[in-house]
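Novice: Take this structure, written in structure tokens, and hold onto it; I'll ask about it next.
Here you go:
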């Protein structure tokens, strides 16, 4: 997430993180199974195309906050979205998606950003009917939004896309109403770069922009792998009917493999994972301002085990 809008450098984004203590076990299991199924097979996708587990989130909008003073104002505005409780739940802010009881360290070469107090936000009670925002600018409800993360869709044409994403399934529309409310408030206050497009909540699973150099392949030497029967490996698997006619899953724009992101013919992939459930009953427990550029998470041996977006500030919803 390092693109620019006009001449404004994008430095931060407003988002709803999806990886937390409750959702991680489900997401981790499904993420590993998916990655193994599409990468760790002959002719599969480059592993860098799969977004790291810790980076999964729903983006509400992007920010250009190069001025530290402006960043401080955005943090204060986020904190002001909390309730007017006389005794807020205060805590020193920690980095995004740190996992308890795991000796992991986030590698961050940037200077330390302002910390924030965690104060509860209460989302609105909603139905499928439209609701008007509160005049006080506060959000009210008894519970945080709960969703299921499902399916796999293409951001562009399915036959030539660079991004595939999962969709938050929320029958009550509570999450979308809350997210739209937050985006409108932050845009009207000048912190989000205006975007006239309808809000499209999505969790990026594949993004080929991260596939570079020797990881690139063309449709001349790779074909989309069919599922291998259980108990066999790719090399010893029996020939599959019609394998020679399977359409290539990986394409490039023309013959130039260095002129842009690798494009995927994702039609078969979408058919296979169209009804996939990544996680059920995910509690969306906070809204956060994060820095652009995911940071490596390393274990006690110094090995990279994940990547996360560093949170500058976050405010929890009431759960």
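Numbering (the UniProt record's numbering), first residue to last: 1 to 319.
Ideal placement from N, C-alpha and C gives every residue a C-beta, glycine not left out.
So residue 192 packs on residue 166, CB below 8 Å; how close in whole Å?
Specialist: Start at 1 with the first residue of the chain shown, and residue 192 comes out as number 192. Start at 1 with the first residue of the chain shown, and residue 166 comes out as number 166. In fact, because the Cβ distance is near 23 Å, the residues do not count as touching under 8 Å.
Novice: Between the segment 177-192 and the segment 293-301, can you find at least three pairs of beta-carbon atoms closer than 8 Å?
Specialist: At 8 Å Cβ cutoff, the stretches do not touch.
Novice: Tell me which residues share the same chain as residue 290 and place their Cβ nearer than 7 Å to its Cβ, disregarding the 5 neighbours each side in the sequence.
Specialist: Counting from one through the chain shown, the residue named residue 290 turns up at place 290. The answer, listed in chain order, is 12, 13, 15, 96, 309, 310, 311 and 312.
Novice: Answer with buried or exposed for residue 24, where buried requires no fewer than 16 other C-beta atoms within 10 angstroms of its C-beta.
Specialist: Taking the chain shown and counting its residues from 1, one reaches residue 24 at position 24. The residue in question, residue 24, is buried, as its Cβ has 16 or more Cβ neighbours within 10 Å.
Novice: Rounded to whole angstroms, what's the CA-CA distance from residue 66 to residue 260? Just pull it up for me.
Specialist: Within the chain shown, the letter at position 66 stands for residue 66. Within the chain shown, the letter at position 260 stands for residue 260. Looking at the two C-alpha atoms, the distance is approximately 27 Å.
Novice: Between which two residues does the beta strand (DSSP E) harbouring residue 168 extend?
Specialist: Along the chain shown, read from residue 1 onward, the residue named residue 168 stands at position 168. 163-169 is the extent of the beta strand (DSSP E) around residue 168.
Novice: What do you get for residue 207, buried or exposed, if any count of 16 or more other CB atoms within 10 angstroms of its CB means buried?
Specialist: Taking the first residue of the chain shown as 1, we reach residue 207 at position 207. Flag for residue 207 reads buried.
Novice: Give me the Cα-Cα distance between residue 267 and residue 162, rounded to the nearest whole angstrom.
Specialist: Walking along the chain shown from the start, residue 267 turns up at place 267. Walking along the chain shown from the start, residue 162 turns up at place 162. So the alpha carbons of these two residues sit roughly 13 Å apart.
Novice: Quick one: measure Cβ to Cβ for residue 327 and residue 34, integer angstroms, because I've assumed they're closer than 8 Å.
Specialist: Since the first and last residues shown for the chain are 1 and 319, residue 327 lies out of range.
Novice: Can you grab the Cα-Cα spacing for the pair residue 183 / residue 199, in whole Å?
Specialist: Against the chain shown, residue 183 aligns to sequence position 183. Against the chain shown, residue 199 aligns to sequence position 199. Each residue's Cα considered, the two are about 8 Å apart.
Novice: Find the nearest neighbour of residue 283 within the set 17, 185 and 70, judged by alpha-carbon distance.
Specialist: Here residue 283 refers to the residue found at position 283 of the chain shown. Considering only alpha carbons, the answer is 17.
Novice: Mapping the DSSP letters down to three states, classify residue 136 as helix, strand or coil.
Specialist: Translated into the one-based positions of the chain shown, residue 136 becomes position 136. Legend: pLDDT at residue 136 = 36, less than 50; position of this residue unreliable, no value from coordinates given.
Novice: How big is the Cα-Cα spacing for residue 146 and residue 270?
Specialist: As a working note, residue 146 is residue 146 in the chain shown. As a working note, residue 270 is residue 270 in the chain shown. Using only the alpha carbons, I get a separation of about 25 Å.
Novice: List the DSSP bridge partners of residue 203.
Specialist: The residue you call residue 203 lines up with position 203 of the chain shown. 166, per the DSSP bridge assignment.
Novice: Starting from residue 314 and walking both ways along the alpha helix (DSSP H), at which residues does that stretch end?
Specialist: Working through the chain shown from its first residue, we reach residue 314 at position 314. Careful: residue 314 lies outside any alpha helix (DSSP H), inside the beta strand (DSSP E) at 311-316.
Novice: On the DSSP bridge list, what partners appear for residue 63?
Specialist: If you number the chain shown from 1, residue 63 lands on position 63. Paired residues: 12.
Novice: Where residue 278 and residue 299 are concerned, what is the direct C-alpha to C-alpha distance, given to the nearest angstrom?
Specialist: The residue given as residue 278 occupies position 278 in the chain shown. The residue given as residue 299 occupies position 299 in the chain shown. If I take the Cα positions, the gap works out to 25 Å.
Novice: Can you give me the start and stop residues for the alpha helix (DSSP H) that residue 159 sits inside?
Specialist: Residue 159 sits at position 159 when you count from the first residue of the chain shown. From DSSP, residue 159 is part of no alpha helix (DSSP H); its letter is neither H nor E.
Novice: Just how far apart, CA to CA, sit residue 73 and residue 7?
Specialist: By 1-based counting over the chain shown, the position of residue 73 is 73. By 1-based counting over the chain shown, the position of residue 7 is 7. If I take the Cα positions, the gap works out to 21 Å.
Novice: Output the distance between the C-alpha atoms of residue 265 and residue 155, rounded to the nearest integer angstrom.
Specialist: Along the chain shown, read from residue 1 onward, the residue named residue 265 stands at position 265. Along the chain shown, read from residue 1 onward, the residue named residue 155 stands at position 155. When rounded, the distance between both Cα atoms is 12 Å.
Novice: Please state whether DSSP places residue 233 in a helix, a strand or coil.
Specialist: Stepping through the chain shown from its first residue, residue 233 is reached at position 233. Caution is warranted here: a pLDDT of 30 is assigned to residue 233, below 50, making its placement in the model unreliable, and no coordinate value can be reported.
Novice: For residue 306, which of 168, 32 and 274 has the nearest alpha-carbon?
Specialist: Your numbering for residue 306 matches position 306 in the chain shown. When only C-alpha atoms are compared, the closest one is 32.
Novice: Can you name the start and end residues of the alpha helix (DSSP H) that residue 30 belongs to?
Specialist: By one-based count along the chain shown, residue 30 stands at place 30. 24-38 is the extent of the alpha helix (DSSP H) around residue 30.
Novice: Using only the alpha-carbon positions, how far apart do residue 38 and residue 287 sit?
Specialist: Along the chain shown, one-based indexing puts residue 38 at 38. Along the chain shown, one-based indexing puts residue 287 at 287. For residue 38 and residue 287, the distance between alpha carbons rounds to 31 Å.
Novice: Is residue 306 a contact residue of the ligand COA, with contact defined as CB to any heavy atom under 8 Å?
Specialist: Annotation note on the ligand COA: not contained in the displayed structure, which lists no ligands.
Novice: Would you kindly report the start and end of the unbroken beta strand (DSSP E) that includes residue 279?
Specialist: Your numbering for residue 279 matches position 279 in the chain shown. Residues 277-283.
Novice: Need the endpoints of the alpha helix (DSSP H) that residue 212 sits in, please.
Specialist: For this step, residue 212 is matched to residue 212 along the chain shown. No alpha helix (DSSP H) holds residue 212; DSSP gives it neither H nor E.
Novice: Can you tell me which of the three DSSP states residue 101 falls into?
Specialist: Numbered from its first residue, the chain shown carries residue 101 at position 101. In this predicted model, residue 101 has a pLDDT of only 42, less than 50, meaning its place in the structure is not dependable; the value taken from the coordinates is given anyway. If DSSP states are grouped into helix, strand and coil, residue 101 belongs with coil.
Novice: Taking C-alpha atoms, which residue in 285, 152, 49 and 204 lies nearest to residue 263?
Specialist: One-based indexing of the chain shown puts residue 263 at position 263. Among 285, 152, 49 and 204, the Cα nearest to that of residue 263 belongs to 49.
Novice: Cutting at 7 Å between CB atoms, please list the residues of its own chain near residue 55, excluding the five before and the five after it.
Specialist: Stepping through the chain shown from its first residue, residue 55 is reached at position 55. Only 294, 307, 308 and 309 meet the Cβ criterion.
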